[in-house]
Ligand SMILES: Nc1ncnc2c1ncn2[C@@H]1O[C@H](COP(=O)(O)OP(=O)(O)O)[C@@H](O)[C@H]1O
Ligand SMILES: [Mg+2]
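Protein chains in written order, with the numbering used here: chain A, 8 to 293; chain B, 9 to 250.
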């Protein structure tokens, strides 16, 4: 009985952690490149969720194809937002952040007009459950979420540490001017960072769609949580965002089991406590 | 002429930092630029490499205007800039920093694979700086100041430049390290036939290895000439070599 409970809580924690990581990594990536907290990140997540919802329910697109299309579309939208709103303010961090706050309001307002405020529920593309060791039973959709999110994070790591553009991103994050002197086009790298960050947020939104209720208001709490996670892991650090997400997922998952409705409060308090003793975050550099 | 700067004016906000500076570097020569703090030396090289925009005047590289070219295109033309304060990528390894120097020449997806042209350049760079080879897997941020300076110069060499801009490479280094850096700079001009514009506070060191020098004060060239002649100039001796 207890093995079953702990097993389920652990898988749940991993699943939550992996999806938070998809969201938080984008926020952290954009911050590390542009020194801007992209406050509308959660609202791009929300748009991704609606994208998957309508593609799958109205147009009958296969769920996984819908995920892919939504990620691509929201990624391109992120790139456009960067080109139109952030690029003219490049290097001016504060005005840029105000602009992303404005975008947050703009997107939420437009989404309310377009999609209405009524809750939407999404039929899970997979059903049933899987048994492990005859004791732990995990709903299939949670395994599916984990099964898509984890490889996506692995791909991101491969990209950032092994590809030419990924190395350029790390260079820009460490010293923007020195990066330009090596021939790196910072505008292109910023646009690419926005594409990747936004696309991953949309993918996470689509993945969580079967187990969440969708309204235009989901963006706000998402960006707050992602920001929390990024601070916990170390602002601007990609591995930090993943570690912070897994830690936060675990706190929340165990919190739900043992504190019920107070789980978020418990998790946020735990994060505060960790930050008091380690202000630069788990993997942040001083 | 490799590099030609004509009547260049540059402002920081309203304040002029360069007030009609002219200067030239010929192929494969070593030119020193000395002057007190705040004279505008860094502003000059930052404008050459596109980090800063000129308000008037022109910059020509191999006969072509480059003063409107964006910073990330400059290195591709053949100009590598070793900025003041070294500015290596601290969280990358020494090897990764050297790869960033060759960034523009590597094809997409090529960074993880080995590339024979890249390996040749790497071997040459390691020849000048054997210590970088020993430290290849170390974080650049963990190197000593002198090693970081070597890395910054090595990274610039990886771009295969025809003009190298060095902004105060000896600052903050122990005397022995200054000697070592000076020797390497002299060796680089001979070996790679690259023109060098060397900014130095340490005029004694710069005059020893350079053929020609400019003295910059409050945004203007006040004296210029061959270094052996300048080294006998009473005014220069008193202020810069005294
Ligand atoms: N980013 C900046 N903003 C405003 N003023 C600057 C900036 N950089 C340099 N200056 C000013 O321009 C002048 C020249 O500076 P600089 O080119 O760094 O001189 P040097 O390299 O010879 O010490 C100085 O008066 C300095 O205060
Ligand atoms: Mg300077």
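We put the beta carbon where it would ideally sit given N, CA and C, even for glycine.
When DSSP labels each residue in this structure, what does residue i get in the three-state scheme?
{"i": "residue 174 of chain B", "result": "strand"}
{"i": "residue 60 of chain B", "result": "coil"}
{"i": "residue 219 of chain A", "result": "coil"}
{"i": "residue 181 of chain A", "result": "helix"}
{"i": "residue 158 of chain A", "result": "helix"}
{"i": "residue 97 of chain B", "result": "coil"}
{"i": "residue 137 of chain B", "result": "coil"}
{"i": "residue 55 of chain A", "result": "helix"}
{"i": "residue 232 of chain B", "result": "strand"}
{"i": "residue 246 of chain B", "result": "helix"}
{"i": "residue 133 of chain A", "result": "coil"}
{"i": "residue 30 of chain B", "result": "strand"}
{"i": "residue 15 of chain B", "result": "strand"}
{"i": "residue 46 of chain A", "result": "coil"}
{"i": "residue 147 of chain B", "result": "strand"}
{"i": "residue 7 of chain A", "result": "Because chain A here runs from 8 to 293, residue 7 of chain A falls outside it and cannot be looked at."}
{"i": "residue 92 of chain B", "result": "coil"}
{"i": "residue 46 of chain B", "result": "coil"}
{"i": "residue 115 of chain A", "result": "helix"}
{"i": "residue 205 of chain B", "result": "strand"}
{"i": "residue 35 of chain B", "result": "coil"}
{"i": "residue 66 of chain B", "result": "strand"}
{"i": "residue 87 of chain B", "result": "strand"}
{"i": "residue 73 of chain B", "result": "strand"}
{"i": "residue 218 of chain B", "result": "coil"}
{"i": "residue 225 of chain B", "result": "strand"}
{"i": "residue 74 of chain A", "result": "helix"}
Does the beta carbon of residue i come closer than 8 Å to any beta carbon on chain A?
{"i": "residue 2 of chain B", "result": "No answer is possible for residue 2 of chain B: it lies beyond the span of chain B, which begins at 9 and ends at 250."}
{"i": "residue 63 of chain B", "result": "no"}
{"i": "residue 112 of chain B", "result": "yes"}
{"i": "residue 59 of chain B", "result": "yes"}
{"i": "residue 100 of chain B", "result": "yes"}
{"i": "residue 79 of chain B", "result": "yes"}
{"i": "residue 92 of chain B", "result": "no"}
{"i": "residue 109 of chain B", "result": "yes"}
{"i": "residue 83 of chain B", "result": "yes"}
{"i": "residue 176 of chain B", "result": "no"}
{"i": "residue 95 of chain B", "result": "yes"}
{"i": "residue 220 of chain B", "result": "no"}
{"i": "residue 104 of chain B", "result": "yes"}
{"i": "residue 89 of chain B", "result": "yes"}
To the nearest whole angstrom, what separates the beta carbons of residue i and residue j, a pair I think is in contact under 8 Å?
{"i": "residue 98 of chain B", "j": "residue 64 of chain B", "result": "Actually they do not touch by this definition, with Cβ atoms about 37 Å apart."}
{"i": "residue 211 of chain A", "j": "residue 30 of chain A", "result": "5 Å"}
{"i": "residue 103 of chain B", "j": "residue 145 of chain B", "result": "7 Å"}
{"i": "residue 214 of chain A", "j": "residue 57 of chain A", "result": "Wrong, their Cβ atoms sit about 14 Å apart, outside the cutoff."}
{"i": "residue 33 of chain B", "j": "residue 11 of chain B", "result": "4 Å"}
{"i": "residue 16 of chain A", "j": "residue 276 of chain A", "result": "Between residue 276 of chain A and residue 16 of chain A the Cβ distance is about 19 Å, and since that is not below 8 Å, they are no contact."}
{"i": "residue 167 of chain A", "j": "residue 183 of chain A", "result": "Between residue 183 of chain A and residue 167 of chain A the Cβ distance is about 17 Å, and since that is not below 8 Å, they are no contact."}
{"i": "residue 59 of chain A", "j": "residue 77 of chain A", "result": "5 Å"}
{"i": "residue 54 of chain A", "j": "residue 118 of chain A", "result": "7 Å"}
{"i": "residue 162 of chain B", "j": "residue 181 of chain B", "result": "No, residue 162 of chain B and residue 181 of chain B are not in contact; Cβ-Cβ is about 16 Å, not under 8 Å."}
{"i": "residue 249 of chain B", "j": "residue 43 of chain B", "result": "That pair is no contact at about 13 Å."}
Residue i CB to nearest chain C CB: under 8 Å?
{"i": "residue 190 of chain A", "result": "Of the chains in the structure shown, none is chain C; the protein chains are A and B."}
Does any CB atom of chain B fall closer than 8 Å to the CB of residue i?
{"i": "residue 187 of chain A", "result": "yes"}
{"i": "residue 94 of chain A", "result": "no"}
{"i": "residue 127 of chain A", "result": "no"}
{"i": "residue 183 of chain A", "result": "no"}
{"i": "residue 177 of chain A", "result": "yes"}
{"i": "residue 232 of chain A", "result": "no"}
{"i": "residue 174 of chain A", "result": "yes"}
**Study point:** Residues with C-beta closer than 5 Å to any heavy atom of ligand 1, in chain order
**Key:** That gives B:20, B:25, B:45, B:46, B:47, B:48, B:49, B:50, B:51.
Review point. With contact counted as at least three CB pairs below 8 Å, one residue from each stretch, are the stretch 84-92 of chain B and the stretch 155-166 of chain B in contact?
Key: The stretch 84-92 of chain B makes contact with the stretch 155-166 of chain B: 3 or more CB pairs, one atom from each, lie closer than 8 Å.
Exercise for review: Determine contact between the stretch 75-92 of chain A and the stretch 200-213 of chain A, defined as no fewer than three beta-carbon pairs at a distance below 8 Å.
Suggested key: Taking 8 Å as the limit for Cβ pairs, the verdict is that the stretch 200-213 of chain A does touch the stretch 75-92 of chain A.
Check your understanding: Would you call the stretch 187-194 of chain B and the stretch 213-231 of chain B in contact, with 3 or more CB pairs under 8 Å?
Key -> These segments touch.
Exercise for review: Determine contact between the stretch 226-233 of chain A and the stretch 43-55 of chain A, defined as no fewer than three beta-carbon pairs at a distance below 8 Å.
Suggested key: The stretch 226-233 of chain A and the stretch 43-55 of chain A touch, with no fewer than 3 CB-CB distances between them shorter than 8 Å.
Check your understanding: Okay, do the stretch 259-279 of chain A and the stretch 41-61 of chain B touch, 3+ Cβ pairs below 8 Å being the bar?
Key -> Touching, no, given that fewer than three Cβ pairs across the two stretches are closer than 8 Å.
Review point. Is it true that the stretch 249-257 of chain A meets the stretch 278-291 of chain A, where meeting means three or more beta-carbon pairs spaced less than 8 Å apart?
Key: Between the stretch 249-257 of chain A and the stretch 278-291 of chain A, the count of C-beta pairs closer than 8 Å reaches three or more; the two stretches touch.
Exercise for review: Could you tell me whether the stretch 35-43 of chain B touches the stretch 195-207 of chain B, using the rule of 3 or more Cβ pairs below 8 Å?
Suggested key: The stretch 35-43 of chain B, when compared against the stretch 195-207 of chain B, does touch it at the 8 Å Cβ threshold.
Point to revise | the stretch 19-35 of chain A touching the stretch 153-160 of chain A, judged by at least three CB pairs closer than 8 Å | key: Counting Cβ pairs under 8 Å, three or more are found: they touch.
Point to revise | At least three beta-carbon pairs within less than 8 Å, the stretch 236-249 of chain A to the stretch 15-22 of chain A | key: No: fewer than three Cβ pairs fall under 8 Å.
Check your understanding: Per the contact definition of three or more C-beta pairs closer than 8 Å, is the stretch 99-113 of chain A in contact with the stretch 184-198 of chain A?
Key -> They do not touch, by the three-pair rule.
Check your understanding: Counting Cβ pairs, one atom from each stretch, are 3 or more of them under 8 Å apart for the stretch 227-242 of chain B and the stretch 54-61 of chain B?
Key -> Cβ pair count under 8 Å is below three, so no.
Check your understanding: Is the stretch 239-247 of chain B in contact with the stretch 66-85 of chain B, if contact means three or more CB pairs nearer than 8 Å?
Key -> Under the 8 Å Cβ criterion, the stretch 239-247 of chain B does not count as touching the stretch 66-85 of chain B, having fewer than three qualifying pairs.
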